[in-house]
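Accompanying notes for the structure given below.
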Amino acid sequence: MPELPETQTIAALLNKNLKGRKIVTVQVSKDYRALPSTEIFIKAVTGKEIKSVRRVAKNILIELENGNHILFHLAMTGRLLLWNDKIGNERWVKVILHLDNGVKLTFSDMRVFGKAAVLSPKQTQELEARYGPEPLDKKTTHQQLVDRLKTKRTNIKNALLDQEIISGIGNIYATDALFLAKINPFTKTSEITLENANRLLDSIRSVLKESIKLGGSTLNDKMYVDPFGKEGKYQEHFKIYSKEKCPVCGSKVSFIKISGRGTYFCPSCQPLNKQ
Ligand SMILES: [Zn+2]
1 MPELPETQTI AALLNKNLKG RKIVTVQVSK DYRALPSTEI FIKAVTGKEI
51 KSVRRVAKNI LIELENGNHI LFHLAMTGRL LLWNDKIGNE RWVKVILHLD
101 NGVKLTFSDM RVFGKAAVLS PKQTQELEAR YGPEPLDKKT THQQLVDRLK
151 TKRTNIKNAL LDQEIISGIG NIYATDALFL AKINPFTKTS EITLENANRL
201 LDSIRSVLKE SIKLGGSTLN DKMYVDPFGK EGKYQEHFKI YSKEKCPVCG
251 SKVSFIKISG RGTYFCPSCQ PLNKQ
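Sequential numbering of the sequence shown, starting at 1, is according to UniProt numbering.
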């Protein structure tokens, strides 16, 4: 968390609210290190106008007037919030951008697995090149997905979380997409057929689009909220994630950890095809 729909929701709202604004001052908490260094970060960002905000995989990229980008990666517990007036009761604030209209953007991170960095145009290109195809890009095909899956010897659940294979998918949406596509999470990547990949890409697109419409997922920890503090609603529409009974056939849902990530699947709707 946050995955593609949450990051997309944040990027869209930041773009709408920050585009054309100038960053007047920057504060970085003394216990935090922005990259490449806090000093360089502050110098590179102060006084710059924001051209746009967009998402690449699970990164938020804020484009500045000189072509540099501010990158925020939220990892597990990162949060970006906009404040019209005073900064409210937000803990673990690491970076504050003060804008020319009095609005403030705070980046907070409880467990500090996230990242705040300034990137040159070249570094931004290199970042984008590291990621696999974007699932919502119309140019992404199931043939591409199958080809990339074949390069990794693992199961399909692990493969979907691999950002080099496909961008932006995390545990929740991988779990729900596999359920919709009726694919067992333990299926080997080498056994995913073109027909499977076609169904899987459709399912991935379907869950991601639905979640974006609903503003993403907010779990019980309330860690994810949009920049105005609003919770997402996809958690009320999970397909199989966190469920005990299969909503399609009523079977007991299996819960198992794959690479430490809780995975839900229905053994009768998603049988493992033994070959
Ligand atoms: Zn079922």
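Every residue, glycine too, gets a C-beta built ideally from N, C-alpha and C.
- Item | Between the CA atoms of residue 75 and residue 16 - distance to the nearest angstrom | Mapped onto the sequence shown, residue 16 falls at position 16. Mapped onto the sequence shown, residue 75 falls at position 75. Taking the straight line from one Cα to the other gives about 23 Å.
- Query: By Cβ distance below 7 Å, which residues in the same chain neighbour residue 275 in space, the five residues on each side in sequence not counted?
  - Reply: Locating residue 275 in the sequence shown gives position 275, counting from the first residue. With a pLDDT of only 44 at residue 275, under 50, the local geometry of the prediction cannot be trusted, and no value is derived from it.
- For residue 87, which of 228, 256, 254 has the nearest alpha-carbon? The count along the sequence shown starts at 1 and reaches residue 87 at position 87. Taking only the C-alpha atoms, the option nearest residue 87 is 228.
- Message: Let me check one thing: in DSSP terms, what residues is residue 27 bridge-paired to?
- Response: The residue you call residue 27 lines up with position 27 of the sequence shown. Partner(s): 96.
- Message: Rounded to whole angstroms, what is the Cα-Cα separation between residue 77 and residue 5?
- Response: Working through the sequence shown from its first residue, we reach residue 77 at position 77. Working through the sequence shown from its first residue, we reach residue 5 at position 5. Whole-angstrom Cα-Cα distance: 16 Å.
- Nearest-angstrom Cα distance between residue 153 and residue 7? Residue 153 sits at position 153 when you count from the first residue of the sequence shown. Residue 7 sits at position 7 when you count from the first residue of the sequence shown. Distance between the alpha carbons of residue 153 and residue 7 is about 28 Å.
- Query: Got a sec? Which residues, its chain only, sit under 6 Å from residue 254 by beta carbon, not counting five neighbours each side?
  - Reply: To locate residue 254, count along the sequence shown from 1; it is residue 254. Closer than 6 Å at Cβ, skipping near neighbours: 265, 267.
- Message: Please list the terminal residues of the continuous beta strand (DSSP E) segment that includes residue 73.
- Response: Here residue 73 refers to the residue found at position 73 when the sequence shown is read from its first residue. Where residue 73 is concerned, the enclosing beta strand (DSSP E) stretches over 69-73.
- Task: Sort out for me which residues DSSP pairs residue 257 with in a bridge.
- Result: Locating residue 257 in the sequence shown gives position 257, counting from the first residue. Under DSSP, residue 257 takes part in a beta bridge, and its partners are 262.
- Item | Paired residues, beta bridge with residue 62 - DSSP | On the sequence shown, residue 62 is found 62 positions in, with the first residue counted as 1. According to DSSP, which records beta bridges pairwise, residue 62 is partnered with 53, 70.
- Mind listing, in chain order, the continuous alpha helix (DSSP H) runs of no fewer than 4 residues lying wholly within the stretch 145-209? Counting whole runs of 4 or more residues, the stretch 145-209 contains the alpha helix (DSSP H) stretches 156-161, 171-180.
- Item | Residues bridged to residue 106 [DSSP beta-bridge criterion] | Here residue 106 refers to the residue found at position 106 of the sequence shown. Note: residue 106 sits in a beta bridge opposite 81, 96.
- Which same chain residues, not among the five before or five after residue 135, have their C-beta less than 8 Å away from its C-beta? Indexing the sequence shown from 1 puts residue 135 at position 135. Hits under 8 Å: 4, 166, 167, 168, 169, 201, 204, 205, 208.
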